[in-house]
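Chemist: Residue 216 is where the sequence shown ends in the working numbering, and the numbering goes up by one at each step. Backbone N, C-alpha and C fix where the C-beta goes; we use that ideal spot for every residue, glycine too. Quantities reported herein were computed from a predicted structural model and do not represent experimental measurements.
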Amino acid sequence: MLAINPRFIHESEQTHLIVENKTTYQGLLPVLKQTRFATLIYGCGKAVIKSIEQFSMQYPVRAAHRFLYFGDLDREGLSIWYSLNQKQAAEPALPFYEACLKKKAAAGKAYQQARSTAIDAFSPIFRNRKRSKYRAHFKMETIIRRKS
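1) Measuring straight from C-alpha to C-alpha, what distance separates P160 and D142?
2) When we look at the beta-carbon of D188 and count the other beta-carbons within 10 Å, is it buried (16 or more) or exposed?
3) Please list, in chain order, all residues of the same chain as A132 whose beta carbon is under 8 Å from its beta carbon, the five residues on each side excluded.
4) Is E166 helix, strand or coil when you go by DSSP?
5) Tell me the rounded alpha-carbon separation between E144 and S151.
6) Extract the residue ranges of the beta strand (DSSP E) inside the segment 89-168, only unbroken runs of 3 or more that lie entirely within it.
7) Within 8 Å, do at least three Cβ pairs link the segment 70-79 to the segment 111-131?
8) Name, in chain order, the residues that DSSP records as bridge partners for H84.
9) Tell me the residue span of the beta strand (DSSP E) that contains I72.
10) What's the C-alpha gap between Y165 and F138?
11) Of the choices R130, F135, K171, whose alpha-carbon is the least far from that of H78?
12) Could you check which residue in Y93, I86, L97, R104 has the C-alpha nearest to that of R75?
13) How many whole angstroms separate the CB atoms of H84 and I109, which I take to be in contact at a CB cut-off of 8 Å?
14) What's the gap between the Cα of Q156 and the Cα of I120?
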């Protein structure tokens, strides 16, 4: 799903927000016109890795396109971001992730496999003061998984 913010169609530089989850997409959709995002894209988990190839046909607007990504702050979410970023540069939507780190870490899905390259690629994006909390989040997630 792709929602268009009509305020930015004619801008020469556009920022697009890709979100992993439908709930996040539905939550942001009503306020899209109040943001600086030209589009809001529901990535549908891993499906975005392939479907991003269709973006220029779905949104044939000549502009400098910048993509931000916001997904789950877990192993699978980071793996999706990493794979997407290999195909289409997509910066993590840092303010969204920083807000997540203010919450208590939840036990993740036990079946998810760690992809250290994704975790390592994502880590430097956080400012130094946030990076230790990010690393602690994944260390805690590993401890929780080992106990399960």
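Modeler: Reading off the structure:
1) 13 Å
2) exposed
3) S80, E81, Q82
4) helix
5) 11 Å
6) 105-110, 132-138
7) yes
8) T107, F135
9) 70-72
10) 7 Å
11) R130
12) R104
13) 6 Å
14) 7 Å
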